[in-house]
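Heads up, the thing below is written out as structure tokens.
There are 2 protein chains.
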Amino acid sequence: MHEWQYSERARKLTSSAIREILKVTERPEVISFAGGLPSPATFPVTQMRAAAERVLTDAPQAALQYSATEGFAPLREWVARRYSRDGLTLAPENVLITTGSQQGLDLIGKIFIDEGSRVLVEAPSYLGALQSFSLFSPVYVPVPTDEHGLLPEALTPDLVSGARFLYAMPNFQNPTGRRLPMPRREALAALARRDGLVIIEDDPYGELDYEGQRLPSLMSLAPEHVLYMGSFSKVLAPGLRLGFIIAPPAVISKLVQAKQAADLHTPSLTQRIAYEVVKDGFLDTHIPSIRTLYAAQAQAMLTALAKHMPADATWTAPAGGMFIWLTLPAGIDTMQLLEKAIAQNVAFVPGAPFYVGTPQTNTLRLSFVTVPPEKIEAGVSRLGALIAETLTRRAA
Amino acid sequence: MHEWQYSERARKLTSSAIREILKVTERPEVISFAGGLPSPATFPVTQMRAAAERVLTDAPQAALQYSATEGFAPLREWVARRYSRDGLTLAPENVLITTGSQQGLDLIGKIFIDEGSRVLVEAPSYLGALQSFSLFSPVYVPVPTDEHGLLPEALTPDLVSGARFLYAMPNFQNPTGRRLPMPRREALAALARRDGLVIIEDDPYGELDYEGQRLPSLMSLAPEHVLYMGSFSKVLAPGLRLGFIIAPPAVISKLVQAKQAADLHTPSLTQRIAYEVVKDGFLDTHIPSIRTLYAAQAQAMLTALAKHMPADATWTAPAGGMFIWLTLPAGIDTMQLLEKAIAQNVAFVPGAPFYVGTPQTNTLRLSFVTVPPEKIEAGVSRLGALIAETLTRRAA
């Protein structure tokens with residue numbers, strides 16, 4: 001294979017330095033806050049086993065045969081019904097089932113991004129989305145955020161004009177854990193309606209608000225302008241690779257054509273198993289149990305942070321989701337900190353890669369969901385000592 | 001959504017006319033030779049059910065959690081072992097598990113095709129591959145074929161020079177059913193080695209040779225230059241969406257990065273179920289049973305064609321796979337014939353869309369695997385009458 005035989009996008013692909021560093025976190029002695037994995041303790045194993053048995057007994061041939069690109073019809077209907085709320089009425093034609101939410105990002109990149117297209121993203125933004133969109137060579141425009149998330153007033157006409165879309169995660173954002181307040185949602189929706197801005201609302205964590213105080217989606221406020229991305233990964237199980245996009249039928253139709261070329265359809269078997277599990281209201285009792293677990297884990301980390309972090313560090317106190325965003329005293333580079341941390345068997349994700357513009361290099365992301373509370377305390381304690389040591393050395 | 005907000009590739013996407021016409025073939029009264037579906041009678045339902053039960057009992061959390069982009073390690077090992085033959089020795093590092101073979105096409109398009117890249121394809125070639133590659137805007141160069149498939153001598157230095165790859169299906173090609181003879185395989189491999197031509201060897205039907213007389217793969221003849229694409233769709237079940245690419249590790253590494261952005265990984269559950277089914281040699285007895293069934297179905301169609309087709313029609317007599325390619329007397333346009341055929345409740349796929357250059361419009365593809373023999377006879381009889389009628393009207 002010669003270098004010239006690869007596409008330009010393939011030549012740009014390089015294995016991420018962070019990914020390489022984080023490979024060592026698979027060692028059992030490492031306390032890893034780096035993962036983005038949901039807790040396997042929340043997987044409804046019994047229900048899955050029963051569902052698989054039913055599907056492969058009642059409709060085995062359909063579950064094993066090719067099926068429609070749009071997705072399993074009852075599952076599309078279920079999604080349409082569930083998200084018909086906050087004044088919004090959806091039909092199955094508004095729904096495309098995807099092979100995980102990640103595929104949704106790939107399909108959206110395919111149908112919206114040409115080389116050089118301007119794409120607006122939060123600063124910081126979800127790394128997996130940036131990686132996916134980057135294959136289509138956009139020009140990213142970072143949108144400033146504060147402690148409540150994206151700043152709608154930063155979306156000036158200059159910024160918005162000609163942009164293909166704004167990609168945003170309004171609920172418990174990855175990486176910051178922030179939730180966008182209602183007035184900002186309304187401002188964003190008004191802007192989308194006024195300027196025709198397309199918004200990609202990525203919402204994998206929306207159901208995981210610890211208090212069960214859901215805020216209306218951007219989609220419900222501007223349905224003609226929003227593509228909503230949902231996922232079964234955080235409320236059921238990520239290994240199924242099941243997500244969905246809700247959008248106007250004309251957009252769904254473009255996405256369906258792109259999906260046909262991408263994998264023909266999402267596996268029939270996993271779609272039918274998921275439908276069997278959720279169809280009779282299982283999530284109504286299951287999701288609250290995940291919320292309770294994650295809220296307790298978040299609290300354990302917040303307590304540990306208050307105890308072990310230096311006075312001038314700040315962090316988000318998430319009302320849901322899986323992440324805390326830590327901002328250290330200016331001048332501490334968290335990429336360098338990571339190498340030291342790993343030497344002491346504790347891991348996190350440095351903040352820099354989440355930025356498309358100038359990164360805030362003194363930030364980092366902590367996930368608290370898969371680490372038991374006593375290890376959270378131990379890991380945060382080690383991290384605090386390392387940071388204190390770095391500060392002392394700098395002051396000396 | 002405004003038109004300008006879509007990418008150029010999305011603006012080119014239009015629903016295929018044929019797809020629209022063929023939607024009616026889902027009516028039960030239609031005898032459809034249009035499908036590309038394997039026979040559900042061959043799906044190993046009992047084994048699948050037992051495997052799902054075992055996977056969700058023995059390793060439920062791993063089967064439901066995120067997993068490696070490269071694929072389930074034991075399944076990669078199994079593929080590497082199975083294809084280590086004809087003098088070739090493979091390691092798991094040569095294997096990437098994909099979400100169906102269709103995803104392999106998408107990933108290959110991503111890492112090899114820039115806008116305007118020259119891509120060599122057989123004339124005719126597999127429609128699903130053309131659709132997938134087209135999203136990356138190549139310039140297709142058709143390579144002439146005869147009744148034995150691709151003509152290696154047509155691959156002149158002018159044609160090969162600068163081409164990103166040749167896409168070929170040497171075994172029981174979709175749509176023609178042709179198998180490339182051994183001397184042509186050797187000529188192709190020699191050419192790849194000499195000129196550095198990259199060959200994409202798409203082989204979903206290779207295991208379905210009715211006589212069990214497998215020919216060595218192009219990969220085994222030029223492993224440094226070939227990406228081999230395999231699939232579980234035709235030997236196990238397509239609804240699992242499981243395929244794989246075998247290639248040199250450096251290429252796999254690029255594909256893995258592209259796959260990470262495409263869907264993170266293929267569902268853990270389906271990979272583990274498939275592995276459970278195949279790991280102890282199940283395919284050794286299962287595949288021969290599919291071969292026997294398909295051979296009988298092919299024979300039923302060949303018998304019907306001999307009985308009902310006009311003297312100057314010709315067709316392929318496949319030694320394996322799922323398709324027969326029919327060439328009608330010059331001047332009969334099979335797109336027009338399809339509309340008449342559907343009015344009489346019989347369907348096929350016209351040949352024209354399988355060509356990237358000037359189409360042979362008097363050709364059509366017949367699938368024989370899902371239609372019972374008595375319906376094959378009835379359907380081919382109707383088709384023969386229609387063709388005779390068209391010829392008579394033309395002569396009048």
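Protein chains in written order, with the UniProt record's numbering: chain U, 1 to 396; chain G, 1 to 396.
Heads up, the beta-carbon is just placed ideally off N, CA and C, and yes, glycines get one too.
CB contact check: residue i to chain G, cutoff 8 Å
i	result
U:F232	no
U:Y6	yes
U:R85	no
U:M1	yes
U:I324	no
U:T201	For the sequence presented, residue 201 of chain U should be read as Glu rather than Thr. Answer no: the Cβ-Cβ gap between U:E201 and chain G never drops below 8 Å.
U:A347	no
U:E276	no
residue 400 of chain U	Since the first and last residues shown for chain U are 1 and 396, residue 400 of chain U lies out of range.
U:Y205	no
U:V198	yes
U:P353	no
Cβ neighbour criterion (16 or more within 10 Å) applied to residue i
i	result
G:V95	buried
G:R193	exposed
U:T14	exposed
U:P28	exposed
G:P175	buried
G:T266	buried
G:K110	buried
G:V369	buried
U:E339	exposed
U:D195	exposed
U:S32	buried
U:R178	buried
Contact set for residue i: own chain, Cβ-Cβ below 6 Å, skip 5 residues either direction
i	result
G:T42	I290
residue 397 of chain U	For residue 397 of chain U there is no data in the structure shown, the boundaries of chain U being 1 and 396.
G:G331	none
U:E377	A304
G:A34	L22, T25, A347, F348, V349
G:G100	R241, G243
N- and C-terminal bounds of the alpha helix (DSSP H) containing residue i
i	result
U:V45	45-58
G:M182	182-195
U:I108	100-112
U:V226	U:V226 -> not in any alpha helix (DSSP H); beta strand (DSSP E) instead, spanning 226-231.
G:F282	282-308
U:L383	373-395
U:R9	8-12
G:D263	249-263
Neighbour flag for residue i against chain U, beta carbons, 8 Å
i	result
G:Q173	no
G:G100	yes
G:E20	no
G:K23	no
G:V226	no
G:D280	no
G:F33	no
G:L209	Sequence inspection shows Asp at residue 209 of chain G; the Leu mentioned does not correspond to that position. Not an interface residue.
G:T361	no
G:R49	yes
Same chain only: Cβ atoms within 8 Å of residue i, ignoring 5 sequence neighbours per side
i	result
U:N362	T327, L328, P329, A330, G331, I332, D333, T334, G351
G:A154	V143, P144
G:G357	A123, Y140, P142
G:W78	Y275, V278, K279
Endpoints, beta strand (DSSP E) assigned at residue i
i	result
G:F136	Element bounds for G:F136: n/a, residue is neither H nor E.
U:R365	363-367
U:G243	243-246
G:A168	165-168
U:T327	323-327
G:E122	118-122
Residues of its chain near residue i, where Cβ-Cβ distance is below 7 Å and the 5 sequence neighbours each way are ignored
i	result
residue 397 of chain U	Residue numbering for chain U in the displayed model covers 1 to 396; residue 397 of chain U lies beyond these limits and cannot be assessed.
For this session: Take every Cβ of the region 142-157 of chain G, pair it with every Cβ of the region 180-191 of chain G, and state whether three or more of those distances are shorter than 8 Å.
Result: yes
Exercise. Does the pairing of the region 199-217 of chain U with the region 252-259 of chain U give three or more beta-carbon distances under 8 Å?
Worked result: no
Problem set entry | contact_flag[the region 260-272 of chain U, the region 54-72 of chain U] where n(CB pairs < 8 Å) is 3 or more | yes
Exercise. Do the region 230-242 of chain G and the region 283-300 of chain G meet, that is, are 3 or more Cβ pairs less than 8 Å apart?
Worked result: yes
For this session: Specify whether the region 154-172 of chain G and the region 196-204 of chain G touch according to this definition: at least 3 beta carbon pairs, one from each stretch, less than 8 Å apart.
Result: yes
Exercise. Would you call the region 382-391 of chain U and the region 305-315 of chain U touching, i.e. three or more CB-CB distances under 8 Å?
Worked result: yes
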